[in-house]
Amino acid sequence: MDMKEKMPLTPTTPVPTNSAAIEADANRKGPATVKDETTGEAEAAAPTIDVSQLDNLKDSSDAAIDTGREPKMCADKVGVFYGDKQALKDVSIKIYDDLVTAFIGPSGCGKSTFLRCLNRMNDTIPSARVVGTIDLDGEDITSSAMDVVQLRARVGMVFQKPNPFPKSIFDNIAYGPKIHGIAHSKADLEQIVETSLKRAGLWDEVKDRLQESGTALSGGQQQRLCIARAIAVDPEVILMDEPCSALDPIATAKIEELIHELRGRYAIAIVTHNMQQAARVSQRTAFFHLGELVEYGKTSEIFTNPHEQRTQDYITGRYG
Amino acid sequence: MTDVRADAVPGTGSTAASRWTADAMQRRLRRRYAFERGFKLTGLAAICLSILFLAFLLWNMGSQGIGGFTQYQAALPIDFTKSDLFLDPAALRGPDAEQTVANADLSGAISKAATTAYGPEAAEMFSDGATTLLTKEIVRNPSILNGQATLWLPVGGKIDTAAKHQGDAASERIVAALKQKHALRRAFNAQFLKGSDATDPSAVGVWGALKGTFYTILVTILLAFPIGVLASVYLEEFAPKSWLSDAIEVSINNLAAVPSIIFGLLGLAVFLDVMNLPRSAPLVGGMTLALMTFPVIVIAGRNAIKSVPPSIREAALGVGASKLQVTFHHVLPLALPGILTGTIIGVARALGETAPLLLIGMRAFVAAPPNGISDPATVLPVQIFLWSDEVDRSFVEKTSAAIIVLLLFMLLMNGLAIYLRNRFERRW
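Each protein sequence line maps, in turn, to chains A and E. Residues 81 to 400 in my numbering are what the first sequence spells out, letter by letter. Residues -9 to 418 in my numbering are what the second sequence spells out, letter by letter.
Now the structure itself:
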């Protein structure tokens, strides 16, 4: 599949999503908005983002939702407290192993907090307390019997700011397999590094300088290095916390391209500020607001026919 | 819009923008620049003043101390056939030779020869070191006992002072006589680098104190560095945050400010009285100084660990590293340069410390260099302190010379530490 077709955000090729954004923009300012507020039916019909043109939603896997399929991860009534303050309440979401799930919402709505529950990164914050259950293949990861170290290898994470170790490119990727004892020999390790870099689409750019420092790469390359590092321990789920917010549009396009390629091999959950990005890369979207899960469903439905007023307001750019 | 602005500056009819050129504004601007210039000049003056003080100190120490590294020697013609030494050159063989020579009345022979050559006043002109030198010379070459020889031997402290600066009348006369006969020369004082403490200022040396300092600092580093680093790692990364850890933090910060003599009292009470460790030994000195250095390392270590970006920790946790692996594979290597900086500061302070060591008995007169950490020893700062207390004037230059040695030793240690720190420095 030619990826260029999928990359609407590239400045030189303003295809589907850009026009969709303009549509959404016009919608907000134009008189149609005023009409929306008064008539409920018009609101539902209002074209927001033209999802029909997005490749990621044309997939057959999108046809059936939830029923009859076992989710990879299943969060049930998850709440998070920081001290006495409740940051997240009653979130129930299912993540499927062949779909990309996007979490959208305004800043401070709890989407990153929820993402960090999925591999128990919140454990590192002393005041944080998680309630509810989160299952990974039917196993409750919030229980004390769950080994956190193993969980984080199974549920890998990519962070907002690229954070390679100040070590060589090779060592960055080899670190995970080394500490988990996945590689049995040096040749094994080299093979894992090569495969991971290839899957992250970075191999051709760095194959001649694997011994150079990972921090010497450009921002976009660093982020792909971090994705390669997460892949290297062969995870089942990859969590991405606003992976493109520190990157320029071209690097962003490459990461999105990569997400498309990784889909199917890993279950992916991505937090993003950028609604167009959510529409471009995901098949399921969850909208968070003020610590609550407002709406969760197919990306196509969330963006064309949301059930909640707040979702509608957010995706049309009325707040957030 | 223009109307409103014109109103803002009544009468002038100008717009608001033109007020930037008004006199009041220009004055304010000039005042601001004048203040900035004044501030810069004050800073420059402070730097100049401190450089001046430093230069004065170095010049003072250097000009006084350089004399400590040199020593006057006088030519002494000895006729061994008339010296009453009763030594048989043929018998001076084997391991007992040195003892046999040392038992002979060599200093008497030197006195006699000096009297013969330079008159009765010169009987005491040579130092104790001269005897040692003569012993070595005889053992090396016993055949000189069969005839006459002229040897260059170090003069005593009084003559040395008289030759270098100003001495008592008798010494001045001898110096004048020696100079007239060209029998006086200035030479490098190897004894000062090789010897230990002595009662005769011309025979003293810093080697014993230097060795003592080395052993003491070795013990200090070996104890304080690992304990300090592990304590800071535990407090920063593993300890649960509670009133207890807060109390420990406050106590450690306070410990760094405790006067060093208190640590000396603690060392005296615990290491000597309770644990019965040897008095005056580098082991106890090192342990006492380690107590003093430890809080400095912990504070620096905690700050260095805190300043490691949390993103690195998250990255390592994210690929499934355990807490211990995160700490030892990532946090500690990145914090090491900062920890080493703190260690350098702490050890440099310990290196120059005198007070706590006085209390555990390291101010004793030790005439032999220590051969281990449990031998009686003294350290350079204490040696400087002891010499500065001496009445004899020739100790003044020895004191300054010892200070120069101490400063060079510190420079060497710090240079080594900075080299190590730069090797471990990583950029991210």
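For each residue, glycine too, the CB sits at the ideal point set by N, CA and C.
Could you name the residues that DSSP lists as bridge partners for residue i?
i, result
"A/Ile184", "A/Phe367"
"A/Met237", "A/Leu319"
"E/Tyr62", "E/Arg176"
"E/Thr140", "E/Pro67"
"A/Ala155", "A/Ile173 and A/Ile214"
"A/Arg343", "A/Tyr346"
"A/Ser293", "A/Ser248"
"A/Glu219", "A/Leu216"
Quick one: using the 10 Å Cβ neighbour count with 16 as the cut-off for buried, is residue i buried or exposed?
i, result
"A/Ser362", "buried"
"E/Asp13", "exposed"
"A/Phe245", "buried"
"E/Pro285", "buried"
"A/Arg279", "buried"
"E/Gly257", "buried"
"E/Thr189", "exposed"
"A/Lys174", "buried"
"E/Arg292", "buried"
"E/Leu376", "buried"
"A/Pro94", "In this prediction, A/Pro94 scores a pLDDT of 39, lower than 50, which makes its location untrustworthy; the coordinate-derived value is nonetheless stated afterwards. Answer is exposed; the Cβ neighbour count stays below 16."
"A/Cys324", "buried"
"E/Thr71", "exposed"
"A/Lys165", "exposed"
Comparing the CB of residue i with every heavy atom of the ligand PLP, is any distance shorter than 7 Å?
i, result
"E/Lys231", "Questions concerning the ligand PLP fall outside what the structure shown contains, since it holds no ligand whatsoever."
Give a yes or no on whether 8 Å exceeds the smallest Cβ distance from residue i to chain C.
i, result
"E/Leu322", "No chain C is part of this structure, whose protein chains are labelled A and E."
With DSSP collapsed to three states, give me the class of residue i.
i, result
"A/Asp251", "helix"
"A/Gln166", "strand"
"E/Gln16", "helix"
"E/Glu380", "coil"
"A/Lys378", "strand"
"A/Ala326", "coil"
"E/Arg292", "helix"
"A/Phe161", "strand"
"A/Arg209", "strand"
"E/Arg9", "helix"
"E/Asp86", "coil"
"A/Val313", "coil"
"A/Leu373", "strand"
Verify the CB distance criterion: does residue i have a CB-CB separation below 8 Å to chain A?
i, result
"E/Val309", "yes"
"E/Ala305", "yes"
"E/Ile302", "yes"
"E/Lys154", "no"
"E/Gln54", "no"
"E/Ser312", "yes"
"E/Trp418", "Low per-residue confidence applies at E/Trp418: pLDDT is 46, beneath 50, and the placement is therefore not dependable, though the value from the model is reported in the following sentence. Yes, because at least one Cβ of chain A sits closer than 8 Å to the Cβ of E/Trp418."
"E/Lys296", "no"
"E/Gln63", "no"
"E/Lys231", "yes"
"E/Gln16", "no"
"E/Gln425", "A query on residue 425 of chain E cannot be resolved here, the shown segment of chain E reaching from -9 to 418 and no further."
"E/Gln315", "yes"
Just to confirm my understanding: we take residue i, look at its own chain, exclude 5 residues before and 5 after, and list those with CB closer than 6 Å. What are they?
i, result
"E/Ala391", "Gly55, Gly58 and Phe59"
"A/Arg209", "Phe161"
"E/Pro268", "Ser364"
"E/Ser73", "Ala99"
"E/Ala64", "Val145, Leu168, Ala173 and Leu174"
"E/Phe206", "A small correction: the amino acid at residue 206 of chain E is Thr; Phe does not occupy that position in the sequence shown. Taken in chain order, the residues that qualify are Pro272, Gly275, Gly276 and Val369."
"E/Leu396", "Leu370"
"E/Leu245", "Pro285"
"E/Phe399", "none"
Within the 8 Å Cβ cut-off, does residue i reach chain E?
i, result
"A/Pro206", "yes"
"A/Ala310", "yes"
"A/Gly300", "no"
"A/Phe383", "no"
"A/Pro246", "yes"
"A/Ala280", "no"
"A/Lys241", "yes"
"A/Val286", "no"
"A/His264", "no"
"A/Arg232", "yes"
"A/Ile259", "yes"
Apart from the five residues on each side of it in sequence, which residues of its chain come closer than 8 Å, Cβ to Cβ, to residue i?
i, result
"E/Gly254", "Thr278, Ala345, Pro346, Leu347, Leu348, Leu349 and Ile350"
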